[in-house]
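Enquirer: Take this structure, written in structure tokens, and hold onto it; I'll ask about it next.
2 protein chains.
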Amino acid sequence: MKTVIEQAQIAKNASHLMRKATTEQKNTFLKVLATLIEKNKDLIIAKNTKDLNENQNITPAMKKRLTLSEAGLAGIVSAIGSLVPMPDPVGVVVNEHIREDGLKISRVRAPIGVIVCIFESRPNVIVDVAALCIKSGNVAIVRGGKEAFHSNNILLSYIQQALQESGLPQDGVQQLEDRRHEAINELIVLDQYIDLVIPRGRKELIDSVTEHSKVPVIKHARGLCHAYIDRDADIEKAIDIVINAKTSNPATCNSVETVLVHKDIADSIMPKLLEKLFEKNVEVMGDERTCTYSNKCRLATEDDWDEEYLDLKVSIKIVDSYDEAIAHISKYSSSLTDSIVSENNETTKNFQDDVDSAVVLVNASNRLTDGEQFGLGGEIGISTCRIHMRGPMGLEDMTVTKYVVVGDGHIRK
Amino acid sequence: MKTVIEQAQIAKNASHLMRKATTEQKNTFLKVLATLIEKNKDLIIAKNTKDLNENQNITPAMKKRLTLSEAGLAGIVSAIGSLVPMPDPVGVVVNEHIREDGLKISRVRAPIGVIVCIFESRPNVIVDVAALCIKSGNVAIVRGGKEAFHSNNILLSYIQQALQESGLPQDGVQQLEDRRHEAINELIVLDQYIDLVIPRGRKELIDSVTEHSKVPVIKHARGLCHAYIDRDADIEKAIDIVINAKTSNPATCNSVETVLVHKDIADSIMPKLLEKLFEKNVEVMGDERTCTYSNKCRLATEDDWDEEYLDLKVSIKIVDSYDEAIAHISKYSSSLTDSIVSENNETTKNFQDDVDSAVVLVNASNRLTDGEQFGLGGEIGISTCRIHMRGPMGLEDMTVTKYVVVGDGHIRK
Numbered sequence: 122m123k124t125v126i127e128q129a130q131i132a133k134n135a136s137h138l139m140r141k142a143t144t145e146q147k148n149t150f151l152k153v154l155a156t157l158i159e160k161n162k163d164l165i166i167a168k169n170t171k172d173l174n175e176n177q178n179i180t181p182a183m184k185k186r187l188t189l190s191e192a193g194l195a196g197i198v199s200a201i202g203s204l205v206p207m208p209d210p211v212g213v214v215v216n217e218h219i220r221e222d223g224l225k226i227s228r229v230r231a232p233i234g235v236i237v238c239i240f241e242s243r244p245n246v247i248v249d250v251a252a253l254c255i256k257s258g259n260v261a262i263v264r265g266g267k268e269a270f271h272s273n274n275i276l277l278s279y280i281q282q283a284l285q286e287s288g289l290p291q292d293g294v295q296q297l298e299d300r301r302h303e304a305i306n307e308l309i310v311l312d313q314y315i316d317l318v319i320p321r322g323r324k325e326l327i328d329s330v331t332e333h334s335k336v337p338v339i340k341h342a343r344g345l346c347h348a349y350i351d352r353d354a355d356i357e358k359a360i361d362i363v364i365n366a367k368t369s370n371p372a373t374c375n376s377v378e379t380v381l382v383h384k385d386i387a388d389s390i391m392p393k394l395l396e397k398l399f400e401k402n403v404e405v406m407g408d409e410r411t412c413t414y415s416n417k418c419r420l421a422t423e424d425d426w427d428e429e430y431l432d433l434k435v436s437i438k439i440v441d442s443y444d445e446a447i448a449h450i451s452k453y454s455s456s457l458t459d460s461i462v463s464e465n466n467e468t469t470k471n472f473q474d475d476v477d478s479a480v481v482l483v484n485a486s487n488r489l490t491d492g493e494q495f496g497l498g499g500e501i502g503i504s505t506c507r508i509h510m511r512g513p514m515g516l517e518d519m520t521v522t523k524y525v526v527v528g529d530g531h532i533r534k
Numbered sequence: 122m123k124t125v126i127e128q129a130q131i132a133k134n135a136s137h138l139m140r141k142a143t144t145e146q147k148n149t150f151l152k153v154l155a156t157l158i159e160k161n162k163d164l165i166i167a168k169n170t171k172d173l174n175e176n177q178n179i180t181p182a183m184k185k186r187l188t189l190s191e192a193g194l195a196g197i198v199s200a201i202g203s204l205v206p207m208p209d210p211v212g213v214v215v216n217e218h219i220r221e222d223g224l225k226i227s228r229v230r231a232p233i234g235v236i237v238c239i240f241e242s243r244p245n246v247i248v249d250v251a252a253l254c255i256k257s258g259n260v261a262i263v264r265g266g267k268e269a270f271h272s273n274n275i276l277l278s279y280i281q282q283a284l285q286e287s288g289l290p291q292d293g294v295q296q297l298e299d300r301r302h303e304a305i306n307e308l309i310v311l312d313q314y315i316d317l318v319i320p321r322g323r324k325e326l327i328d329s330v331t332e333h334s335k336v337p338v339i340k341h342a343r344g345l346c347h348a349y350i351d352r353d354a355d356i357e358k359a360i361d362i363v364i365n366a367k368t369s370n371p372a373t374c375n376s377v378e379t380v381l382v383h384k385d386i387a388d389s390i391m392p393k394l395l396e397k398l399f400e401k402n403v404e405v406m407g408d409e410r411t412c413t414y415s416n417k418c419r420l421a422t423e424d425d426w427d428e429e430y431l432d433l434k435v436s437i438k439i440v441d442s443y444d445e446a447i448a449h450i451s452k453y454s455s456s457l458t459d460s461i462v463s464e465n466n467e468t469t470k471n472f473q474d475d476v477d478s479a480v481v482l483v484n485a486s487n488r489l490t491d492g493e494q495f496g497l498g499g500e501i502g503i504s505t506c507r508i509h510m511r512g513p514m515g516l517e518d519m520t521v522t523k524y525v526v527v528g529d530g531h532i533r534k
């Protein structure tokens with residue numbers, strides 16, 4: 122078994138080669154990997170079944186995340202394929218200017234380097250991470266959940282085979298071999314080798330990584346998302362958006378947890394909105410005014426405004442004004458994604474500036490906050506940090522600009 | 122005295138207003154501040170003299186950094202003025218596309234939020250930080266060196282007056298009032314209020330901040346910079362660049378510490394290069410081959426390749442090949458700024474890819490690595506991180522992109 126520090130050094134060395142990989146090599150890797158997974162799907166499913174058998178005491182939700190079905194594998198293969206036509210971000214000149222004295226100053230995209238990605242039971246993540254990291258010229262050290270041990274191992278073997286077959290360093294993607302819990306904390310202090318850590322999973326994992334890391338962390342803290350129905354909202358659109366944003370996949374971070382309704386539109390929208398929510402078996406925690414529209418609503422407590430239900434539950438508050446909506450969002454939003462429904466252009470323009478979230482949506486469902494939906498060809502995570510970038514993190518966001526300065530004997534005067 | 126947490130909360134609240142400041146307000150702030158400093162220069166110099174008197178036991182170098190002369194103040198005023206015509210980065214649409222179904226997805230620049238800047242004795246930094254933070258829509262909490270106590274206080278009073286006179290929140294720039302050493306560590310764990318920490322100063326300060334912070338840190342680790350004289354170099358340009366990069370201000374991080382010379386050009390360049398270096402009183406630590414050109418060279422030890430002299434000292438190594446130069450730079454460079462001198466376009470193109478530094482220069486002095494030289498109108502620091510951005514950090518780099526998504530009732534299917 123390699124030690125933590127050995128794996129970090131290997132990754133750093135591999136990153137010097139990976140940085141210079143051609144677009145063709147990177148696309149070959151993606152195609153070979155897709156073929157290998159396709160060809161070996163029975164073997165992969167057998168390993169996944171072994172994981173499921175060895176972890177019979179996990180919750181049904183975890184079991185669902187851990188399971189790799191044939192359809193799930195087809196989805197993974199298709200996700201890899203969708204990265205092939207995406208433009209290679211490495212080497213792109215973001216901007217350049219030439220000084221009066223002829224010195225040319227350019228900002229050019231380069232890979233970040235070595236990215237550590239820590240995730241929990243879903244075994245598709247190891248493939249997503251590998252595909253996104255390699256296409257963007259980065260090297261990855263991954264640590265998956267122990268429940269997915271056999272699934273991750275077999276997928277990693279195909280990833281490494283695909284790297285080798287495309288002339289890229291096989292160590293471009295490694296799994297942390299040291300399975301001790303402390304190993305991860307030993308890894309994320311090695312700032313001479315590791316350039317970025319992306320933890321995906323439970324709050325405790327993310328907090329622990331943030332606390333111990335000496336390396337930059339891009340994290341998605343939590344998803345307490347709002348939809349605000351303005352007094353100038355189109356009622357049909359508002360209902361469609363709220364139902365979609367709450368019920369299409371309530372366990373995801375981009376689902377709405379709180380709906381704010383302007384008092385002037387409440388009479389027109391609340392009865393129908395509540396009816397539709399109850400039809401979808403959504404439990405409603407409402408403020409006093411909301412509760413007047415239905416006795417099936419439970420009176421919301423202060424805690425409800427601050428809770429990420431991740432379930433078929435929603436809190437609803439009727440507000441007196443746009444300003445009250447903004448104040449509520451400023452106070453409670455996790456700044457991941459908040460939306461407004463309004464036909465008033467001035468109001469929607471203000472909302473874009475007033476709401477300080479990674480993704481602000483106008484007349485669109487919060488659930489659209491997603492790398493694939495945004496045309497990024499996938500995402501390695503959603504950032505709620507306020508440096509580097511905010512929102513779904515795609516290929517381009519896995520690079521960083523460096524300066525290239527070209528002169529003809531220029532010195533500093 | 123306000124507590125650390127109170128100041129952090131005040132800053133976060135101020136950031137919601139500052140985010141929406143107009144370009145006009147921000148430029149008014151800069152102009153008012155410049156006028157206030159200009160008008161009160163005698164008072165400022167008197168406070169600075171008080172600092173100098175109270176700190177008589179500091180080193181001559183520190184004393185030089187602490188001193189605010191009339192010319193120094195004129196420089197500060199001019200630096201503030203140069204930010205006025207710079208474009209406001211906030212609200213700039215970096216890119217946008219419209220999906221086939223009409224959903225418009227834009228990435229828009231927004232301020233980072235609350236930036237903590239920790240710096241040592243130079244009192245001009247508080248003004249630089251304030252000017253750059255406010256023009257980019259950010260809020261700052263600063264902690265300056267205790268030696269500059271009176272200077273920073275009076276400068277802060279003008280900063281806050283200028284904020285008020287331009288209709289911006291006066292708390293947009295605060296000094297950390299709690300002067301305890303631990304106060305800074307208490308501040309940089311408050312990730313609900315603080316968005317970024319920029320430490321500028323000694324390695325111990327930067328290490329301590331990196332270790333304790335729960336907030337992203339953009340730091341400039343150290344400046345071990347190289348100049349490589351290729352076999353196809355123009356000898357005159359090479360000598361000019363090395364002399365400039367080593368001697369124009371040896372105490373700065375972008376000065377060259379190691380010169381690598383291709384063996385094929387050594388006979389033509391070494392005698393003259395050494396002569397010029399000795400003329401400028403530069404001490405030379407050379408490898409064996411370098412020492413054959415002059416008995417005034419001291420034989421370099423392994424430690425010399427790894428040392429940031431920040432002084433009139435340079436290490437020189439004659440290399441057998443381009444690859445040996447790249448391997449040396451990969452091993453020892455701090456990845457801040459490395460340069461090549463060569464007339465061979467293929468070699469210089471390879472160098473840009475092979476050298477993984479924040480700034481790579483071709484036929485230009487490493488000393489040009491600077492926000493003002495790059496046309497950024499100043500810099501809040503130089504980043505050797507590998508996320509967010511690399512190199513001199515100017516106004517645009519003090520923002521982050523957020524997503525604005527505009528639909529017409531769009532939901533996720």
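So the protein sequences, as listed, match chains E and V. Numbering of the first sequence is given in this note's numbering, commencing with residue 122 and proceeding in unit increments. Numbering of the second sequence is given in this note's numbering, commencing with residue 122 and proceeding in unit increments. Heads up, the beta-carbon is just placed ideally off N, CA and C, and yes, glycines get one too.
(1) What's the C-alpha gap between glutamate 217(V) and tyrosine 524(V)?
(2) In the stretch 294-314 of chain V, which residues sit with their C-beta less than 8 Å from some C-beta in chain E, listed in chain order?
(3) Leaving aside the five residues before and after valine 246(E) along the sequence, list all residues of the same chain whose C-beta is less than 6 Å from its C-beta, in chain order.
(4) Against chain E, does threonine 143(V) count as a neighbour if the rule is that its beta carbon must be under 9 Å from one of theirs?
(5) Are the stretch 315-323 of chain E and the stretch 333-344 of chain E in contact at 8 Å, needing three or more beta carbon pairs?
(6) Taking all protein chains shown into account, decide if glutamate 378(E) is buried (16 or more other Cβ within 10 angstroms of its Cβ) or exposed.
(7) On the CB-based measure, 16 or more other CB atoms within 10 Å of its CB, does arginine 243(V) come out buried or exposed?
(8) In three-state terms, what does DSSP make of proline 290(E)?
(9) Identify the contact partners of isoleucine 280(V) in chain E, using a Cβ-Cβ distance below 7 Å as the criterion.
(10) Show which residues of chain V have a CB atom less than 7 Å away from the CB atom of cysteine 506(E).
(11) Can you pull out the residues from the stretch 518-532 of chain V whose beta carbon lies closer than 8 Å to at least one beta carbon of chain E?
(12) When DSSP labels each residue in this structure, what does histidine 509(V) get in the three-state scheme?
(13) Should valine 526(E) and valine 483(V) be called a contact, given that it needs their Cβ atoms to be closer than 9 Å?
(14) Who are the near neighbours of leucine 311(V) in its chain, counting only those whose CB is closer than 6 Å to its CB and skipping five residues on each side?
(15) For valine 229(V), which of Leu489(E), Leu516(E), Val481(E), Ser504(E) has the nearest alpha-carbon?
(16) In terms of residues, what are the limits of the alpha helix (DSSP H) holding threonine 170(E)?
(17) Can you tell me whether lysine 523(V) is helix, strand or coil according to DSSP?
(18) Taking 9 Å as the CB-CB limit, is glutamate 357(V) close to chain E?
(19) Are the Cβ atoms of proline 232(V) and methionine 519(V) separated by less than 9 Å?
(20) Are the stretch 167-185 of chain E and the stretch 300-307 of chain E touching by the rule of at least three beta carbon pairs closer than 8 Å?
(21) Got a sec? Which residues, its chain only, sit under 8 Å from valine 433(E) by beta carbon, not counting five neighbours each side?
(22) Distance check for leucine 189(E) and glutamate 396(E), CA to CA, integer angstroms please.
(23) Kindly indicate the opening and closing residues of the beta strand (DSSP E) around glycine 496(V).
(24) Kindly indicate which residue of Tyr349(E), Asp491(E), Gly512(E), Lys438(E) has the alpha-carbon position closest to the one of phenylalanine 472(E).
(25) Specify, as a first and last residue, the run of the alpha helix (DSSP H) that histidine 383(E) falls within.
(26) By the 7 Å beta-carbon criterion, what residues does the stretch 479-504 of chain E contribute toward chain V?
(27) Say whether chain E places a C-beta atom closer than 9 Å to the C-beta of leucine 224(V).
(28) Could you have a look at proline 337(V) and say whether DSSP puts it in helix, strand or coil?
(29) Using a Cβ-Cβ distance under 9 Å, would aspartate 385(E) count as near chain V?
(30) Buried or exposed: where does glutamate 122(V) fall if 16 or more other Cβ atoms within 10 Å of its Cβ makes it buried?
(31) Could you say if the stretch 407-423 of chain V and the stretch 441-459 of chain V meet the contact criterion of at least three C-beta pairs nearer than 8 Å?
(32) Count the other C-beta atoms from every protein chain shown that fall within 10 angstroms of the C-beta of isoleucine 219(V), then say buried if there are 16 or more, exposed otherwise.
(33) Specify, as a first and last residue, the run of the alpha helix (DSSP H) that aspartate 432(E) falls within.
(34) Report the neighbours of serine 369(E) on chain V: residues whose CB is nearer than 7 Å to its CB, in chain order.
(35) Write down every uninterrupted run of the beta strand (DSSP E) in the stretch 220-293 of chain V whose length is 3 residues or greater and which is fully enclosed by it, in chain order.
(36) I believe aspartate 491(E) touches asparagine 375(E) by the beta-carbon criterion, under 8 Å. Please report the beta-carbon distance rounded to the nearest angstrom.
Expert: This is what the structure gives:
(1) Numbered from 1 along the second sequence, position 96 holds the residue referred to as residue 217(V). Numbered from 1 along the second sequence, position 403 holds the residue referred to as residue 524(V). Cα-Cα distance, rounded: 9 Å.
(2) Asp312
(3) Sequence index remark: in the first sequence, residue 246(E) carries index 125 (1-based). Only Phe240 meet the Cβ criterion.
(4) Indexing the second sequence from 1 puts residue 143(V) at position 22. So no, threonine 143(V) is outside the interface.
(5) yes
(6) Against the first sequence, residue 378(E) aligns to sequence position 257. Buried, because 16 or more other Cβ atoms sit within 10 Å of the Cβ of glutamate 378(E).
(7) As a first step, residue 243(V) must be located in the second sequence, where it is residue number 122. With 16 or more Cβ atoms within 10 Å of its Cβ, arginine 243(V) is classed as buried.
(8) Here residue 290(E) is taken as the residue at index 169 of the first sequence, counted from 1. DSSP places proline 290(E) in coil when its eight states are reduced to three.
(9) Numbered from its first residue, the second sequence carries residue 280(V) at position 159. By Cβ distance, chain E contributes nothing, its closest Cβ being about 23 Å from isoleucine 280(V), past 7 Å.
(10) Indexing the first sequence from 1 puts residue 506(E) at position 385. Within 7 Å Cβ-Cβ: Pro337.
(11) Val521, Thr522, Lys523, Tyr524, Val525, Val526, Val527, Gly528, Asp529, Gly530, His531, Ile532
(12) Translated into positions along the second sequence, residue 509(V) becomes position 388. Note: histidine 509(V) maps to coil in three-state DSSP.
(13) Locating residue 526(E) in the first sequence gives position 405, counting from the first residue. Locating residue 483(V) in the second sequence gives position 362, counting from the first residue. Contact flag set, yes.
(14) Numbered from 1 along the second sequence, position 190 holds the residue referred to as residue 311(V). So the qualifying residues of the chain are Ala129.
(15) Here residue 229(V) corresponds to residue number 108 of the second sequence, with the count starting at 1. The option with the nearest alpha carbon to valine 229(V) is Val481(E).
(16) For this step, residue 170(E) is matched to residue 49 along the first sequence. Counting along the chain, the alpha helix (DSSP H) containing threonine 170(E) begins and ends at 162-175.
(17) Along the second sequence, one-based indexing puts residue 523(V) at 402. In the structure shown, lysine 523(V) sits in a strand (DSSP, three-state: E or B).
(18) Looking up residue 357(V) in the second sequence gives position 236. Yes, because at least one Cβ of chain E sits closer than 9 Å to the Cβ of glutamate 357(V).
(19) In the second sequence, the residue the question calls residue 232(V) occupies position 111. In the second sequence, the residue the question calls residue 519(V) occupies position 398. Yes; because the gap between Cβ atoms is below 9 Å, this pair is in contact.
(20) no
(21) Reading the first sequence from its first residue, position 312 is the one you call residue 433(E). Correcting the residue identity first, residue 433(E) is leucine in this sequence and not valine. For leucine 433(E), where only same-chain residues beyond five positions count, the Cβ hits under 8 Å are Lys367, Thr368, Pro371, Lys401, Asn402, Val403, Glu404.
(22) For the purposes of this step, residue 396(E) is taken as the residue at position 275 of the first sequence. For the purposes of this step, residue 189(E) is taken as the residue at position 68 of the first sequence. Approximately 36 Å, taken between the alpha carbons.
(23) If you number the second sequence from 1, residue 496(V) lands on position 375. Run containing glycine 496(V): none; DSSP gives neither H nor E here.
(24) Looking up residue 472(E) in the first sequence gives position 351. Of the listed residues, the one whose Cα sits closest to phenylalanine 472(E) is Tyr349(E).
(25) To locate residue 383(E), count along the first sequence from 1; it is residue 262. Histidine 383(E) -> not in any alpha helix (DSSP H); beta strand (DSSP E) instead, spanning 377-383.
(26) Ala479, Val480, Val481, Leu482, Val483, Asn484, Ala485, Ser486, Arg488, Leu489, Gln494, Phe495, Gly496
(27) The sequence position of residue 224(V) within the second sequence is 103, counting from 1. By this cut-off, leucine 224(V) is an interface position.
(28) Mapped onto the second sequence, residue 337(V) falls at position 216. Proline 337(V): coil per DSSP, three-state reduction.
(29) Here residue 385(E) refers to the residue found at position 264 when the first sequence is read from its first residue. Closer than 9 Å: no.
(30) Here residue 122(V) is taken as the residue at index 1 of the second sequence, counted from 1. The question names glutamate, yet the displayed sequence has methionine at residue 122(V). That one is exposed.
(31) no
(32) Position 98 of the second sequence, counting from 1, holds the residue named residue 219(V). Exposed is the call here.
(33) Here residue 432(E) refers to the residue found at position 311 when the first sequence is read from its first residue. No alpha helix (DSSP H) holds aspartate 432(E); DSSP gives it neither H nor E.
(34) Here residue 369(E) corresponds to residue number 248 of the first sequence, with the count starting at 1. Chain V residues near serine 369(E): Arg533.
(35) 225-232, 235-239, 260-264
(36) Numbered from 1 along the first sequence, position 370 holds the residue referred to as residue 491(E). Numbered from 1 along the first sequence, position 254 holds the residue referred to as residue 375(E). The pair is a contact, with the Cβ atoms about 7 Å apart (cut-off 8 Å).
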